[in-house]
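Before any comments, here is the structure.
Number of protein chains: 2
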Amino acid sequence: MRATIRDVAKAAGVSTATVSRVLNKPDMVDPETMERVRAAMERMAYQPSAIARGLSAKRSDTLGLIVPGITDFFFNELYKGIDRASQQNGMRVLLYDSEHSRERALDGFSILGGYQVSGIIFTSKLVTEDYDPILQRVGIPVVLTLTQSEARTPLPSFRIDEVRAMFDVVAFLVTRGHQRIGMIAGRQWDDKTGELRLEGYRKGLRHFGIEYNEELVEYGQYRFDDGYQAMQRLLEKQPNFHMTALCTASDEMALGAIRCLNDNGLHVPEDISVVGFDDLPLARMITPRLTTVAQPFAEIGEAAVSWLVRAVGREPSPSEIGDYLLPHRLVERESVRALGS
Amino acid sequence: MRATIRDVAKAAGVSTATVSRVLNKPDMVDPETMERVRAAMERMAYQPSAIARGLSAKRSDTLGLIVPGITDFFFNELYKGIDRASQQNGMRVLLYDSEHSRERALDGFSILGGYQVSGIIFTSKLVTEDYDPILQRVGIPVVLTLTQSEARTPLPSFRIDEVRAMFDVVAFLVTRGHQRIGMIAGRQWDDKTGELRLEGYRKGLRHFGIEYNEELVEYGQYRFDDGYQAMQRLLEKQPNFHMTALCTASDEMALGAIRCLNDNGLHVPEDISVVGFDDLPLARMITPRLTTVAQPFAEIGEAAVSWLVRAVGREPSPSEIGDYLLPHRLVERESVRALGS
DNA sequence: CCCCTTGATGTCAACGCTTTCATTACTATT
DNA sequence: AATAGTAATGAAAGCGTTGACATCAAGGGG
């Protein structure tokens with residue numbers, strides 16, 4: 001049986017309260033006593049029960065993280081930031097995978113609530129009005145990352161300016177001489193990101209006086225296979241292929257598209273330029289190295305955690321509940337070729 | 001404030017014990033009462049406190065997972081299996097990232113212990129004798145995945161037959177006409193996997209009467225950059241390059257090696273064949289699709305969980321504490337070229 | 001010399017559950 | 001009709017902490 005606070009107290013000849021104090025408010029216990037208690041703890045390999053502590057103190061120093069899918073390639077990067085920041089604030093992270101299901105996401109709030117988490121980070125799925133009831137009653141701060149909210153409960157969100165990012169991609173492509181620019185956009189039932197990026201694409205086109213052409217646009221759900229199939233459809237839609245550049249809504253889809261192109265005897269960037277979105281670690285590993293939009297995943301994770309840490313235990317002021325847009329960055333590598341002279 | 005069991009009890013006109021029973025032993029409560037209680041729960045959006053439950057019942061329905069690094073590419077696959085199996089057994093998973101540090105790994109046991117986890121899954125680092133003290137006193141079952149133990153405390157492990165797997169790779173290469181086969185092996189301070197795979201390589205060579213040649217072997221710590229640099233060194237070691245095939249200890253290193261080769265004007269598989277190890281999702285995404293050894297990550301995760309579930313609350317018999325070798329599989333794709341006629 | 005601080009410690013009631021044990025009201029057995 | 005089971009429920013004691021409050025000795029100001 002593990003040693004409890006009581007065992008330590010007895011061994012050190014003090015009360016449990018004192019032991020608790022050396023752990024939590026060290027400056028109000030006598031140095032000498034402290035030493036004795038510390039020694040006893042050491043000797044008995046005492047490890048305080050986080051469970052009991054959570055129950056008693058009504059805080060658990062734990063943050064809940066709800067992700068749609070653990071296998072989404074960006075997860076690791078985001079988690080890294082969250083974990084690092086949590087560490088620094090003496091918090092742990094409890095992970096919950098909603099498996100892209102709205103019901104499970106909803107459940108996530110209750111379940112994490114059952115663990116007394118001090119805050120919840122919700123990721124990459126649009127928050128709609130049907131989240132309101134749960135949001136109302138969780139009673140702990142919730143922040144959004146890589147997404148935003150359409151619910152009535154005000155929620156802070158940390159993300160990039162999607163529209164602007166994709167606009168930048170188009171602008172970049174245009175300065176490289178491209179005019180026939182296609183897109184594999186993202187589309188998923190509970191996702192707004194896809195629309196935003198598409199909007200950025202159209203806006204870019206418009207800004208440079210290029211006409212929007214349905215023929216050049218296809219959709220996918222962000223994963224590799226979606227990219228592959230979307231590219232396939234794109235190829236079929238225009239037998240006399242004359243697109244010179246392609247934007248995508250995710251690096252994974254970019255990979256899929258490239259694979260598909262290769263399978264059809266087309267080369268990147270010689271025959272067509274491709275730009276990704278996310279800047280996953282693998283973007284720099286493949287050949288050709290992928291030109292892409294870097295999302296500051298780690299920073300977003302850190303920002304979310306520190307917001308949460310600041311918010312715990314008090315009602316955040318309305319001015320703090322903003323839509324925080326972190327800077328993205330276009331990373332130029334090898335998958336885009338400059339056209340013309 | 002969230003509703004507690006007491007609130008529900010009052011609302012349903014029963015005692016808290018009864019409410020607890022409808023949750024935990026539904027068959028010993030009257031259907032009618034049950035209905036009333038259920039209704040009350042529903043009405044009040046009652047969510048039992050996992051914390052309180054854990055404290056009281058001394059089990060938390062939670063498994064602890066210690067991984068060396070969340071950004072290791074295989075993590076997601078392994079986690080998927082673990083999460084799925086946990087789900088099915090009504091368990092949650094608490095994640096702990098040791099950041100490749102032995103101290104932090106050691107801490108992990110205590111910390112997870114503080115959360116009353118019912119079992120711990122330890123991953124991909126060799127367990128040595130210095131783990132014995134903690135292992136002795138955690139008092140809950142521990143299983144190893146993707147690694148094994150050299151400690152005196154007997155621990156079950158779930159992994160593949162590394163030696164055999166790499167032997168198979170060599171055999172495969174030989175049947176494809178390769179003789180000058182190099183290797184980028186894995187090496188890390190607390191890792192035995194690397195040695196094992198190297199041993200498989202040497203064994204394979206020996207079996208086919210090929211002489212082992214230091215010149216053709218380099219080491220790395222499994223990541224992309226390690227692979228790149230190792231390849232670099234390989235290239236430098238033999239200016240008149242005549243290696244026709246390369247085994248690697250990880251897909252990531254294979255990617256790195258391929259990248260390096262490309263940067264030096266060499267093509268895979270035309271100029272040299274490469275085989276990876278792991279079969280990460282990205283192995284099929286890149287060009288050329290990577291021929292590699294598939295580790296059954298998900299199955300390993302599932303096996304570990306079900307072992308744990310079976311072991312919780314009882315002393316597992318020595319016969320159960322085995323070194324479980326799960327079947328690997330050589331996945332043939334496009335990165336190996338058949339030599340000669 | 002007494003009273004009031006102050007600092008260090010102890011006491012004890014929570015926290016929200018589970019779980020024994022006791023109680024009650026039936027039903028079956030003799 | 002008396003006794004023993006049995007099924008459904010309640011009362012209450014923890015589980016390992018924390019935190020409000022009480023206690024106590026030592027020191028300082030009047």
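From first to last, the protein sequence lines stand for chains C and H. Numbering of the first sequence is given in full-length UniProt numbering, commencing with residue 1 and proceeding in unit increments. Numbering of the second sequence is given in full-length UniProt numbering, commencing with residue 1 and proceeding in unit increments. Where a beta carbon is used, it is the ideal one built from N, C-alpha and C, also for glycine. Remember, predicted model here, so these are calculated numbers, not experimental data.
Contacts of Y79 (chain C) in chain H (Cβ-Cβ under 9 Å): Start at 1 with the first residue of the first sequence, and residue 79 (chain C) comes out as number 79. Result: I70, T71, L95, D97.
Delimiting residues of the alpha helix (DSSP H) encompassing R159 (chain H): What you label residue 159 (chain H) is simply residue 159 of the second sequence in a count that begins at 1. R159 (chain H) -> not in any alpha helix (DSSP H); beta strand (DSSP E) instead, spanning 157-160.
Whole-Å CB distance - I134 (chain C) paired with G64 (chain C), under 8 Å assumed: As a position in the first sequence, residue 134 (chain C) is number 134, starting the count at 1. As a position in the first sequence, residue 64 (chain C) is number 64, starting the count at 1. With 8 Å as the limit, I134 (chain C) and G64 (chain C) do not qualify as a contact, their Cβ atoms being about 13 Å apart.
V309 (chain C) versus C:T18, C:A230, C:A85, residue with shortest Cα-Cα distance: By 1-based counting over the first sequence, the position of residue 309 (chain C) is 309. Comparing Cα positions, the closest option is C:A85.
Segment limits, alpha helix (DSSP H) that includes F224 (chain H): The residue given as residue 224 (chain H) occupies position 224 in the second sequence. Counted as a single uninterrupted DSSP element, the alpha helix (DSSP H) harbouring F224 (chain H) occupies residues 224-237.
Same chain, Cβ closer than 6 Å to A3 (chain H), neighbours up to 5 away in sequence not counted: Sequence index remark: in the second sequence, residue 3 (chain H) carries index 3 (1-based). Excluding sequence neighbours, A3 (chain H) sits near M44, Y46.
Nearest candidate by alpha-carbon position, reference D191 (chain C), set C:F172, C:Y219, C:A171: For the purposes of this step, residue 191 (chain C) is taken as residue 191 along the first sequence, with counting starting at 1. For D191 (chain C), the nearest C-alpha among the options comes from C:Y219.
Rounded C-alpha distance that separates L126 (chain H) from P154 (chain H): Start at 1 with the first residue of the second sequence, and residue 126 (chain H) comes out as number 126. Start at 1 with the first residue of the second sequence, and residue 154 (chain H) comes out as number 154. Answer to the nearest angstrom: the Cα atoms are 13 Å apart.
Where the stretch 99-126 of chain H meets chain C: residues whose CB sits under 8 Å from a CB there: The stretch 99-126 of chain H vs chain C, Cβ under 8 Å: S110, I111, G113, G114, Y115, Q116.
Enclosing alpha helix (DSSP H) for S86 (chain C) [first to last residue]: Residue 86 (chain C) sits at position 86 when you count from the first residue of the first sequence. S86 (chain C) -> alpha helix (DSSP H) spans 75-88.
DSSP beta-bridge partners of Q277 (chain H): Within the second sequence, numbered from 1, the residue matching residue 277 (chain H) stands at position 277. Going by the sequence as given, residue 277 (chain H) is Phe instead of Gln. Paired residue(s): H:V293.
8 Å Cβ cutoff, T153 (chain H) in contact with chain C: Residue numbering aside, residue 153 (chain H) sits at position 153 when the second sequence is read from its first letter. Cβ-Cβ to chain C under 8 Å: no for T153 (chain H).
Beta-bridge partners of F122 (chain C), as assigned by DSSP: The sequence position of residue 122 (chain C) within the first sequence is 122, counting from 1. Answer by DSSP bridge pairing, in chain order: C:I66, C:L144.
Three-state class that DSSP yields for M285 (chain H) in the structure shown: One-based indexing of the second sequence puts residue 285 (chain H) at position 285. It is coil, neither helix nor strand.
Secondary structure of E270 (chain C), DSSP reduced to three states: The count along the first sequence starts at 1 and reaches residue 270 (chain C) at position 270. E270 (chain C) falls in the coil class under three-state DSSP.
Beta-carbon proximity list for P296 (chain H), same chain, < 6 Å, skipping 5 on both sides: Locating residue 296 (chain H) in the second sequence gives position 296, counting from the first residue. Take P296 (chain H), set aside five residues on each side of it, and the residues of its chain with a beta-carbon closer than 6 Å to its own are L326, in chain order.
For E218 (chain C), the three-state DSSP class (helix, strand or coil): Sequence index remark: in the first sequence, residue 218 (chain C) carries index 218 (1-based). DSSP places E218 (chain C) in strand when its eight states are reduced to three.
Counted within 10 angstroms of its Cβ, other Cβ atoms place N76 (chain C) as buried (16 or more) or exposed: Within the first sequence, numbered from 1, the residue matching residue 76 (chain C) stands at position 76. Per the 10 Å Cβ criterion, buried.
Chain C residues whose Cβ lies nearer than 8 Å to that of D83 (chain H): Here residue 83 (chain H) refers to the residue found at position 83 of the second sequence. Chain order gives the chain C residues near D83 (chain H) as I70, D97, where near means a beta carbon separation below 8 Å.
L326 (chain C), enclosing beta strand (DSSP E) - first and last residue: The count along the first sequence starts at 1 and reaches residue 326 (chain C) at position 326. L326 (chain C): member of the beta strand (DSSP E) spanning 323-326, first to last residue.
8 Å Cβ cutoff met for V217 (chain H) and T248 (chain H): Taking the second sequence and counting its residues from 1, one reaches residue 217 (chain H) at position 217. Taking the second sequence and counting its residues from 1, one reaches residue 248 (chain H) at position 248. If you check the CB distance, V217 (chain H) and T248 (chain H) do not come in under 8 Å.
Buried versus exposed call for E211 (chain C) [16 or more other C-beta atoms within 10 Å across all chains shown]: Here residue 211 (chain C) is taken as the residue at index 211 of the first sequence, counted from 1. When all chains shown are included, E211 (chain C) counts as exposed.
Close-in-space but distant-in-sequence residues of the same chain around G108 (chain C) (CB under 6 Å, 5 per side omitted): Locating residue 108 (chain C) in the first sequence gives position 108, counting from the first residue. For G108 (chain C), where only same-chain residues beyond five positions count, the Cβ hits under 6 Å are I66, Y96, S98.
C247 (chain H) - partner residues in DSSP beta bridges: As a working note, residue 247 (chain H) is residue 247 in the second sequence. Secondary-structure assignment with DSSP links C247 (chain H) through a beta bridge to H:M183, H:V275.
Straight-line Cα distance separating H178 (chain H) from L198 (chain H): Within the second sequence, residue 198 (chain H) is the residue found at index 198, counting from 1. Within the second sequence, residue 178 (chain H) is the residue found at index 178, counting from 1. When rounded, the separation of the alpha-carbon atoms in L198 (chain H) and H178 (chain H) is 18 Å.
C-beta contact flag for Q188 (chain C) and G194 (chain C) at 8 Å: The residue given as residue 188 (chain C) occupies position 188 in the first sequence. The residue given as residue 194 (chain C) occupies position 194 in the first sequence. It is a contact, given that the beta carbons lie within the stated cut-off.
Three-state secondary structure assigned by DSSP to residue 346 (chain C): This structure leaves residue 346 (chain C) out entirely; chain C is present only between 1 and 341.
Spatial distance of D278 (chain H) from F73 (chain C) (CA atoms): Here residue 278 (chain H) is taken as the residue at index 278 of the second sequence, counted from 1. Here residue 73 (chain C) is taken as the residue at index 73 of the first sequence, counted from 1. In a straight line, the C-alpha of D278 (chain H) is about 17 Å away from that of F73 (chain C).
N- and C-terminal bounds of the beta strand (DSSP E) containing V331 (chain H): By 1-based counting over the second sequence, the position of residue 331 (chain H) is 331. Bounds of the beta strand (DSSP E) holding V331 (chain H) are 329-331.
Beta-carbon neighbours of I258 (chain H), restricted to chain C and to distances below 8 Å: Along the second sequence, read from residue 1 onward, the residue named residue 258 (chain H) stands at position 258. Within 8 Å Cβ-Cβ: T287.
Span separating the alpha-carbon of E332 (chain H) from that of V293 (chain H): For this step, residue 332 (chain H) is matched to residue 332 along the second sequence. For this step, residue 293 (chain H) is matched to residue 293 along the second sequence. A direct Cα-to-Cα measurement between E332 (chain H) and V293 (chain H) gives close to 9 Å.
Sequence-distant residues of the same chain with beta carbon closer than 8 Å to M28 (chain C), five excluded per side: In the first sequence, the residue the question calls residue 28 (chain C) occupies position 28. For M28 (chain C), same chain residues with a beta-carbon under 8 Å away, outside a window of 5 residues either side, are R21 in chain order.
CB of S335 (chain C) within 8 Å of CB of L290 (chain C), strictly: Here the question's residue 335 (chain C) lines up with position 335 in the first sequence. Here the question's residue 290 (chain C) lines up with position 290 in the first sequence. Yes, Cβ-Cβ distance for S335 (chain C) and L290 (chain C) is below 8 Å.
Inter-stretch contact at 8 Å, needing at least 3 Cβ pairs: the stretch 85-94 of chain H / the stretch 134-154 of chain H: Three or more beta-carbon pairs separated by less than 8 Å are not found between the stretch 85-94 of chain H and the stretch 134-154 of chain H, which leaves the two stretches without contact.
Of the listed residues H:A298, H:F224, H:E215, H:Y201, nearest to N240 (chain H) (C-alpha basis): On the second sequence, position 240 is the one that residue 240 (chain H) refers to. Closest option to N240 (chain H), judged by alpha-carbon separation, among H:A298, H:F224, H:E215, H:Y201: H:E215.
Separation of P68 (chain C) from A11 (chain C), as counted between CA atoms: Looking up residue 11 (chain C) in the first sequence gives position 11. Looking up residue 68 (chain C) in the first sequence gives position 68. Looking at the two C-alpha atoms, the distance is approximately 48 Å.
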